[in-house]
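Numbering-wise (my numbering), the sequence shown opens with residue 11 and increments by one. Data first, discussion second: the structure below is written as structure tokens.
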Amino acid sequence: MGAILEIADLKQLARRRVPKMFFDYADSGSWSETTYRANSEEFRQIKLRQRVAVDISERSLKTALLGQETAMPVALAPVGLTGMQHADGEILAARAAADFGVPFSMSMFSICSIETVAQATKRPFWFQLYMMRDRGFVGDIIDRAKAAGCSALVATVDLQMLGQRHKDLRNRLSAPPRLTPKHIWQVVTRPAWAFEMLRCKNRTFGNVVGHAKGVSDLSSLSAWTAEQLDLSLSWKDIEWVKQRWGGPMIVKGILDVRDGQSAIDCGADAISVSNHGGRQLDGAPSSISVLPEIVDALGSKVEIHMDGGVRSGQDVLKALCLGAKGVHIGRAYIFGLGAMGQAGVKHALEIIAKELDMTMALCGERNVTELSELNLYFGTRPGRTAGVLAALGEEYA
Ligand SMILES: Cc1cc2nc3c(=O)[nH]c(=O)nc-3n(C[C@H](O)[C@H](O)[C@H](O)COP(=O)(O)O)c2cc1C
């Protein structure tokens, strides 16, 4: 493999280093994967407005998310089983994020526990929660996140029923892997991964095993998860979560203005426009395509974040231009982690920062907080474009 210049290079490396079942787990969406693909494809359709002869010698990517300073408007999204992409994956990703100065979100379905990651890193991270039927467990895990110094809670509301991902079913995915000839083969053909995994202690769901009632090993865990995702989840529960947590809360998985409003009514400090990376409702629109209507309706009331399909700094810039305050990346850093551990996550962040900075400069902008729709090129397409063209008209006048 030659120079690593873009996220696609990290993906290629990850494919060679991570056992197939875990690589596929990351690189998949539900059913036909239409929404998964649309998330990235629809970024490519958005064009940028080039400006020249602007002094771009001083530039800044710095901003604040939920009142916390960040080196750029990017956060690492919660990704379950991160510790199966690379041994101690959550610790390595959290460290890379802390060194870079961006937030790391830890999935409730992580391999390393909240406490293990908190001990191994200095910068507070965000904790992501799924609502389970056992409210005792949910209350305890919120308290554990608080005790570990987590600085925000990400309440994910779009996965009370698991979307069907064909690759995972075909691969008979589990963590740690099953001991069938097929699974053993997938592991032994990735010796560096296997060696690191043998050396580390964290190989099962650290936030759940030993904490949820009756869950002491892997088989009891699968049964617990299957029966525990709470199909009766309602906004009242999210209100309860906010009260129990008492700190900044992001409600993640919003694609409809009405749901965004409900999240605000429950006390959300931010909402994340997300379709779970195309892993839940296949056929839902791409996140970037619904972002503008949600920003129009709710942008003055709440901080708006988004995720889904972001594979470059250009994608980050486009989301910022359309009104996102923060952009979360999932697979872009997971491929880096699978490829090269902590160095790979750092590399992914550096690639994105460089692309964001160069794109901003070539659009004639100096500060990432000042980007707007005026930096996008809509051609002569009608609709939303009219307002932008009118604004440009004023600017030119
Ligand atoms: C392998 C994988 C596991 C994920 N696990 C979780 C999770 O545990 N909790 C959660 O809220 N979102 C989870 N997500 C969704 C991400 O937080 C995020 O919404 C998505 O990855 C964004 O799309 P992108 O990967 O194209 O950037 C997961 C995504 C992937 C790819």
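Every residue, glycine too, gets a C-beta built ideally from N, C-alpha and C.
Classify SER282 as helix, strand or coil using the three-state DSSP reduction.
-> strand
Spatial neighbours of SER67 in its chain, beta-carbon cut-off 7 Å, leaving aside the 5 residues before and after = none
Can you grab the Cα-Cα spacing for the pair GLY354 / PRO201, in whole Å?
-> One C-alpha to the other measures close to 18 Å.
Measure the alpha-carbon distance for ASP150 versus ARG213 and round it to whole angstroms.
-> 22 Å
ASP279 to SER40, Cα distance in whole Å?
-> Taking the straight line from one Cα to the other gives about 29 Å.
Using alpha carbons as the reference points, say which of CYS276, ASP266 and ALA307 lies closest to SER297.
-> ASP266
Compute the distance between the beta-carbons of TYR103 and LEU327, then report whether it is under 7 Å.
-> First, the residue type needs correcting, since residue 103 is Ala and not Tyr in the sequence shown. In this structure, LEU327 does not lie closer than 7 Å to ALA103 by Cβ.
Burial state of ASP168, where buried means 16 or more other Cβ atoms lie within 10 Å | Residue environment: ASP168 is assigned as buried (16 or more neighbouring CB atoms within 10 Å of its CB, all protein chains considered).
Taking 6 Å as the line, does the beta carbon of VAL320 fall inside it for any heavy atom of ligand 1?
-> yes
Evaluate LEU15 with the Cβ neighbour count: other Cβ atoms within 10 Å of its Cβ, from every protein chain shown; 16 or more gives buried, anything less gives exposed.
-> exposed
Starting from VAL164, follow its DSSP beta bridges and name the residues at the other end.
-> GLN138 and ILE260
Spatially closest choice to LYS364 from LEU71, GLY12, GLN352 and LYS30, by CA coordinates = LEU71
In its own chain, which residues sit with a C-beta less than 7 Å from the C-beta of GLY216, not counting the 5 before and 5 after it?
-> SER120, ILE121, CYS122, SER123 and THR126
Among residues of its own chain, excluding the 5 on either side of ALA185, which ones have a beta-carbon nearer than 6 Å to its beta-carbon?
-> The beta carbon of ALA185 sits closer than 6 Å to those of LEU91 and MET94, all from its chain and outside the five residues before and after it, given in chain order.
Residue environment, PRO191, which counts as buried when at least 16 other CB atoms sit within 10 Å = exposed
Roughly how far, in whole angstroms, is the beta-carbon of SER284 from the beta-carbon of ASP317, given that I think they are within contact range, below 8 Å?
-> 5 Å
What are the start and end residues of the alpha helix (DSSP H) that includes MET350?
-> 341 to 372
Cβ-heavy atom distance between GLY333 and ligand 1 below 6 Å?
-> Distances from the CB of GLY333 to the heavy atoms of ligand 1 are all 6 Å or more.
Compute the distance between the beta-carbons of ARG59 and ASN385, then report whether it is under 7 Å.
-> Taking 7 Å as the Cβ cut-off, ARG59 and ASN385 qualify as a contacting pair.
Which first and last residues belong to the alpha helix (DSSP H) in which ALA63 is found?
-> Unbroken run through ALA63: none, as it is neither H nor E.
Does the Cβ of ALA18 have 16 or more other Cβ atoms within 10 Å, making it buried, or fewer, making it exposed?
-> exposed
State buried or exposed for GLN253, treating a residue as buried only when at least 16 other CB atoms are found within 10 Å of its CB.
-> exposed
Distance, Cα to Cα, GLU303 vs GLY389?
-> Straight-line Cα distance between these residues: approximately 20 Å.
Roughly how many angstroms lie between the CA atoms of GLU383 and VAL337, to the nearest whole one?
-> 16 Å
Is there at least one non-hydrogen atom of ligand 1 closer than 6 Å to the beta-carbon of VAL89?
-> yes
So ILE281 packs on ILE314, CB below 8 Å; how close in whole Å?
-> 6 Å
Is the beta carbon of SER42 sitting closer than 7 Å to the one on ARG175?
-> Not closer than 7 Å, so no.
Taking 6 Å as the cut-off, is the CB of ARG200 close to at least one heavy atom of ligand 1?
-> no
C-beta atoms of GLN78 and GLY173 nearer than 7 Å = no
Find the nearest neighbour of ARG321 within the set VAL148, GLY12 and GLU52, judged by alpha-carbon distance.
-> GLU52
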